[in-house]
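These protein sequence lines map, in sequence, to chains A and B.
My numbering applies: residue 1 is where the first sequence begins, and numbers increase by one.
My numbering applies: residue 1001 is where the second sequence begins, and numbers increase by one.
Note that CB positions come from ideal geometry on N, CA and C, so glycine has one too.
Computed from a prediction, not measured in an experiment: that's the story for all the values here.
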Amino acid sequence: AQKVTQAQTEISVVEKEDVTLDCVYETRDTTYYLFWYKQPPSGELVFLIRRNSFDEQNEISGRYSWNFQKSTSSFNFTITASQVVDSAVYFCALSEGDTGFQKLVFGTGTRLLVSP
Amino acid sequence: DVKVTQSSRYLVKRTGEKVFLECVQDMDHENMFWYRQDPGLGLRLIYFSYDVKMKEKGDIPEGYSVSREKKERFSLILESASTNQTSMYLCASSLAGGQIDTQYFGPGTRLTVL
């Protein structure tokens, strides 16, 4: 069965610090997709990134970067030089298979608090 | 940009009432989903739909039903609301039924059942 673990319930940092949010997943499939979403205080989940299981290249988008390691079943998310606007709950999610319906399994989320 | 809207941001209902939560997407997506979000539990899938008039149970369908009469609209129905259904409800949609694709979410409806 699929499972996503976000062991960090809450992280507090001061602005400009770097922070890494951990995500560990379990799946028996060889084809799967991993996602990160951001949920600001307004409540809407904002899509950040999707990565398929065959692409282990790390990705960087501005201050955001993602490190995908199949060997440790991890898909960690790093924010460099954090800002107050980064304060949100971040969810990691997993979807299995290359066909069929896209049932996402979410982790329980990590609340990031960035103080000025 | 994908736009998913939900009829209410906040809703207060009484135990036993019938509750309708509406979700509309404007990107011609085939798939639509209803989740509930509770502290410490993340998001859990209630129902999803891959086509008009089609529906599938998710992980926690008990106490809920859904309706999809038009492609752009997906309604979640609480036939007789109970206090344990107090939660945040999130709707999502995605393109291309039968393939893995990104789900886009609405702003959520925070439902309180008294």
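Any beta-carbon of chain A closer than 8 Å to the one on residue i?
i, result
"T973/B", "Since the first and last residues shown for chain B are 1001 and 1114, residue 973/B lies out of range."
"G1125/B", "Residue numbering for chain B in the displayed model covers 1001 to 1114; residue 1125/B lies beyond these limits and cannot be assessed."
"M1088/B", "yes"
Taking Cβ positions only, does residue i come closer than 8 Å to chain B?
i, result
"G62/A", "no"
"L45/A", "yes"
Who are the neighbours of residue i on chain A, taking C-beta pairs under 7 Å?
i, result
"L1041/B", "T108"
"F1105/B", "E44 and L45"
"L1045/B", "K103"
Using a C-beta to C-beta distance shorter than 9 Å, which residues of chain B count as neighbours of residue i?
i, result
"F68/A", "Under the 9 Å cutoff, chain B gives no residues; its nearest Cβ is about 16 Å from F68/A."
Give the range of the beta strand (DSSP E) segment to which residue i is assigned.
i, result
"G1106/B", "Premise fails: G1106/B is in no beta strand (DSSP E) and is neither H nor E."
"T1102/B", "No beta strand (DSSP E) holds T1102/B; DSSP gives it neither H nor E."
"A93/A", "A88 to E96"
"D1038/B", "N1031 to D1038"
"T30/A", "Segment: none, T30/A is in no beta strand (DSSP E) and carries neither H nor E."
"G107/A", "Run containing G107/A: none; DSSP gives neither H nor E here."
"A1092/B", "S1087 to S1094"
"T20/A", "V19 to L21"
"Q1006/B", "V1004 to Q1006"
"I11/A", "E10 to V14"
"Q83/A", "Per DSSP, Q83/A belongs to no beta strand (DSSP E) and is neither H nor E."
"V1116/B", "The shown model of chain B, from 1001 to 1114, leaves out residue 1116/B, and the question about it has no answer."
"Q69/A", "Y64 to Q69"
"R1009/B", "Premise fails: R1009/B is in no beta strand (DSSP E) and is neither H nor E."
"K3/A", "K3 to T5"
"S1067/B", "S1065 to K1070"
If residue i sits next to residue j, beta carbons under 8 Å apart, how far is it from one beta carbon to the other, in whole angstroms?
i, j, result
"K38/A", "A88/A", "5 Å"
"D18/A", "T80/A", "5 Å"
"G1040/B", "F106/A", "G1040/B to F106/A, Cβ: 12 Å. No contact."
"C1023/B", "Q1037/B", "Actually they are not in contact, since the Cβ atoms of C1023/B and Q1037/B sit about 14 Å apart, beyond 8 Å."
"T1086/B", "T1112/B", "5 Å"
"F1020/B", "I1077/B", "6 Å"
"Y33/A", "R50/A", "6 Å"
"D22/A", "Q6/A", "7 Å"
"F1074/B", "S1094/B", "That pair is no contact at about 12 Å."
"Y1035/B", "A1081/B", "Not really, about 18 Å apart at Cβ, beyond 8 Å."
To be precise: take each residue of the stretch 27 to 54 of chain A, compare its Cβ to all Cβ atoms of chain B, and keep it if any distance is under 9 Å. Which residues remain? T31, Y32, Y33, F35, Y37, Q39, S42, G43, E44, L45, V46, F47, R50 and N52
Which residues of the stretch 1049 to 1076 of chain B have a Cβ closer than 8 Å to any Cβ of chain A? Give them in chain order. Y1050, E1056 and G1058
Positions along the stretch 70 to 96 of chain A whose CB lies within less than 7 Å of some CB in chain B: F91 and S95
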